[in-house]
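K.L.:
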Amino acid sequence: MDDHSNIAELEMLRRQLQQLHESFSAVILETRPTPDNPTLVSWPDLLSKFNVLAAKYAVLNQAVSKKHAVLLREMAVAPKTRPSGIHEQNILSVLLRTKLAPEIEQEEEQIWADIEVEMQHDKKLDWMARADMHESLAITAMNSFLYLQKKHTETVDSLLQGMLEAEPQKKPTATSEEEAEPRAVERPVALEDVLAFTSTGARS
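For the sequence shown, the positions run 1054 to 1257 when the numbering used here is used.
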């Protein structure tokens, strides 16, 4: 790629950047209330202006990061002459700056610190929510176990009671000693024998 093509690409990027800068300036002036125009811009108008800015920024970002990325990495832009005024010198120092301004660095560090604190807070809330959920599940499981244990005990008791009621009562049986001893067979006594025994003391 020759120098003329590179210059043309850089000039196109410069125009896009200039257009985006002019659009930002116009939106800032239009949305800022003034004594001549104290009313603020309506929300639909503000949203429409923001969409236009977002579209122009997306096109420029696409061109810088993808389409012209190789060209921008291989080239460096330097002024041919020394700036004459203080304003131009300040602009040049800002353009050649490789480090953020101290106030911007502090603001960026504070933003990252706030993000870290918020992430830690979110993690703490997440763990607390998980602990509460675990405790709730444990209590529910314990209550379910106690309920099932009670129902099992009632079922077993009911079955045992039914078995006892259904079993017939057994008649008492004689013991082994009673079965071993023979019982004496008594014969009927005649009246004559009773009278003879009372008179003589002897049975005929």
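Glycine included, every Cβ here is placed at the ideal spot set by N, Cα and C.
Within 8 Å (strictly less), CB to CB, does Leu1093 reach chain D?
P.N.:
Protein chain content of the structure displayed is limited to a single chain, and chain D is not contained in it.
K.L.:
CB-CB under 6 Å to Gln1069, same chain, minus the five flanking residues each way: which ones, in chain order?
P.N.:
Leu1113
K.L.:
What does the alpha-carbon distance come out to for the pair Arg1183 and Met1172?
P.N.:
16 Å
K.L.:
Considering only the alpha carbon of each residue, which of Leu1093, Leu1063, Ile1164 and Pro1086 lies closest to Arg1015?
P.N.:
This structure cannot speak to residue 1015, because the chain is shown only from 1054 to 1257.
K.L.:
Are Val1117 and Leu1066 closer than 8 Å when you measure CB to CB?
P.N.:
yes
K.L.:
Considering only the alpha carbon of each residue, which of Leu1099, Ser1095, Gln1071 and Ile1139 lies closest to Val1080?
P.N.:
Leu1099
K.L.:
Would Thr1087 and Val1094 qualify as a contact pair, given that the criterion is a beta-carbon distance under 8 Å?
P.N.:
Annotated as distal: Thr1087 and Val1094, with beta-carbon spacing of 8 Å or more.
K.L.:
Going by the beta-carbon positions, is the gap between Leu1148 and Glu1161 smaller than 8 Å?
P.N.:
no
K.L.:
Indicate the three-state DSSP secondary structure (helix, strand or coil) for Lys1133 in the structure shown.
P.N.:
coil
K.L.:
Do you know how far the Cα of Leu1145 is from the Cα of Ala1122?
P.N.:
22 Å
K.L.:
To the nearest angstrom, report how far apart Thr1134 and His1140 are at their CA atoms.
P.N.:
15 Å
K.L.:
May I have the straight-line CA-CA distance separating Leu1178 from Glu1188, to the nearest angstrom?
P.N.:
15 Å
K.L.:
Note the first and the last residue of the continuous alpha helix (DSSP H) segment covering His1187.
P.N.:
Pro1155 to Ala1219
K.L.:
Which runs of the alpha helix (DSSP H), 4 residues or longer, sit entirely within the stretch 1062-1086?
P.N.:
none
K.L.:
Tell me whether Val1112 sits in a helix, a strand or coil according to DSSP, three-state version.
P.N.:
helix
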